[in-house]
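Residue numbers (the UniProt record's numbering): 1 to 532.
Virtual Cβ for every residue (Gly too), placed ideally from N, Cα, C.
Right, one structure below, let's go through it.
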């Protein structure tokens, strides 16, 4: 209960009070519990280590006040003004701070368990080592605040804005996180076990080493979230999720059928990434892929991030889209690399489209007519070896490596069932052909083991076909095509700097030169316009 003598001193004003506090020191116990200071002006007052339990400080002006170590449990601070106030190690259990102004306030080590903090702007608020378990943070603003390593167990943050907020190793067990925006938030090593994340936006959220055991993820958006083998998704409760977020609207539901739900445990089985998956980036190309644009973009991005060891891990067709999975170091900023690669690819693709159109014009092909015949060929095999086999055996030889690093496009310009004709006589070109074949054999020695023998065998078969009395141009074209495809995939498998080694670049160029020396139309290895 409030001490009358202390109350009387306080009524004399802040200056007199602070002078008295300076003289007596902080050893004097001061009891102002239950005091009513509604709307009082206490700017700069020293209330450190004061008992203010159940005090009414609503609308009180406490700018730059010293409340270090004070006991404000169950106090009312609704709409109080506390900018720059010091509340280090203060006790605010079950206090009501709804609508309070806390800009730049210091709550280091404070106990805010069970407090109400709705409608708060946490700009520049220091919450280091604070206890926020069971707090209500509904409709709060969290600009420039660091929630890392806080105890927020059971906190109510429903519909809060936590985009880009650090929440590293934060205890959010059992927290109400429904509808929270965690866009690009860092939740590394956070404990989210049994938290309610239904409808939350986890787009680009970093969740490596996070614990989501028993969490509810129904209706959450997980676009580009960063999870891995270190992320615990055991016993996750999830009926469905969304894969994309466009202008605040979640889309691309899984399961696709709106009446279907994940079976018990299915979400964890589907999304618990295997070993090293935390080091991958999935690039999805909705309208097919121009390989030349991709590989040139890939090389450029790799050169910008030499220490991240970026390489291609896998390729996969998913419906109408084509997915390339990149592998990086675990501490890589994968979101930044993904964004850079997509932007670089788009820019490079625009340049190549112009070049392709100019080539078609020179060949007398009408652009609109050519575009109508363009068909993006989607690969049905995940294995790179199977992709090469499919490209080599089932497609016509229509890939041009001239000016490319190692690959032509996958989309084809349909120009009929066959191109070229029978090769009759090489004459003086035999020496050039022999030299080029010898050079290709030497360059093939730089290929990864799984491709070297196959490439050398293809070169041998090509030489035998060329030496026949009546060479089959289409068969020779398929051999050349296979060499082009092998160079592309071998470069991918090599990864990192080896992906674009000078030997592989020269190998591809020499295949093109051999095509010309053989008097074969360059369409045998010509790239294709991407699908528009």
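Close Cβ partners of residue i (< 8 Å) along its chain, the five nearest in sequence each way excluded
i	result
residue 226	204, 205, 206, 207, 208, 278, 334 and 335
residue 252	242, 243 and 244
residue 75	52, 53, 54, 55, 56, 57, 92, 95 and 96
residue 173	153, 154, 191, 192, 193, 194 and 195
residue 65	42, 43, 44, 45, 46, 47, 82, 85 and 86
residue 337	281, 301, 305, 308, 310, 326 and 328
residue 569	Residue 569 is absent from the structure shown; the chain starts at 1 and stops at 532.
Residue i burial status per 10 Å Cβ neighbour count (16 or more: buried)
i	result
residue 475	exposed
residue 223	buried
residue 443	buried
residue 43	exposed
residue 464	exposed
residue 15	exposed
residue 142	buried
residue 186	buried
residue 324	buried
residue 257	exposed
residue 6	buried
residue 304	exposed
residue 292	buried
residue 290	buried
residue 192	buried
residue 263	exposed
residue 199	buried
residue 210	buried
residue 354	exposed
CB of residue i within 8 Å of CB of residue j, strictly
i	j	result
residue 197	residue 177	yes
residue 18	residue 41	no
residue 170	residue 190	yes
residue 132	residue 112	yes
residue 221	residue 237	no
residue 4	residue 33	no
residue 533	residue 327	Residue 533 lies beyond the residue range present for the chain, which begins at 1 and ends at 532; the question has no answer from this structure.
residue 110	residue 144	no
residue 182	residue 195	no
residue 512	residue 483	no
residue 77	residue 107	no
residue 352	residue 436	no
residue 344	residue 301	yes
residue 165	residue 140	no
Own chain partners of residue i with C-beta closer than 7 Å, once the 5 adjacent residues on each side are dropped
i	result
residue 234	213 and 268
residue 282	323 and 325
residue 167	147, 148, 185, 186, 187 and 190
residue 71	51, 52, 53 and 91
residue 12	none
residue 67	47, 48, 85, 86, 87 and 90
Start and end residues, beta strand (DSSP E) containing residue i
i	result
residue 174	Note, residue 174: premise wrong, no beta strand (DSSP E); not H, not E.
residue 59	Per DSSP, residue 59 belongs to no beta strand (DSSP E) and is neither H nor E.
residue 242	241-246
residue 281	280-285
residue 116	It is not in any beta strand (DSSP E) - residue 116 carries neither H nor E in the DSSP assignment.
residue 254	249-254
Candidates the options: closest to residue i by CA position
i	options	result
residue 152	128, 483, 305 and 4	128
residue 115	103, 106, 125 and 138	138
residue 25	290, 123 and 49	49
residue 99	59, 87, 79 and 483	79
residue 2	37, 27 and 12	37
residue 517	431, 61 and 199	431
residue 117	101, 103, 97 and 123	97
residue 349	313, 154, 298 and 470	298
residue 507	156, 460, 249 and 480	480
residue 341	250, 296 and 260	296
residue 73	59, 35 and 10	35
residue 519	155, 439, 446 and 433	433
residue 123	240, 156, 134 and 161	161
residue 101	448, 59, 310 and 315	59
residue 510	121, 438, 429 and 23	438
residue 270	232, 247, 248 and 249	232
residue 62	28, 103 and 27	103
Continuous alpha helix (DSSP H) stretch holding residue i: start and end
i	result
residue 21	14-24
residue 439	430-444
residue 9	4-11
residue 303	291-304
residue 271	266-271
Spatial neighbours of residue i in its chain, beta-carbon cut-off 6 Å, leaving aside the 5 residues before and after
i	result
residue 159	179
residue 105	82, 85 and 125
residue 308	328, 329 and 332
Cβ-heavy atom distance, residue i to the ligand GDP, below 7 Å
i	result
residue 174	Here there are no bound small molecules, and the ligand GDP is not part of this structure.
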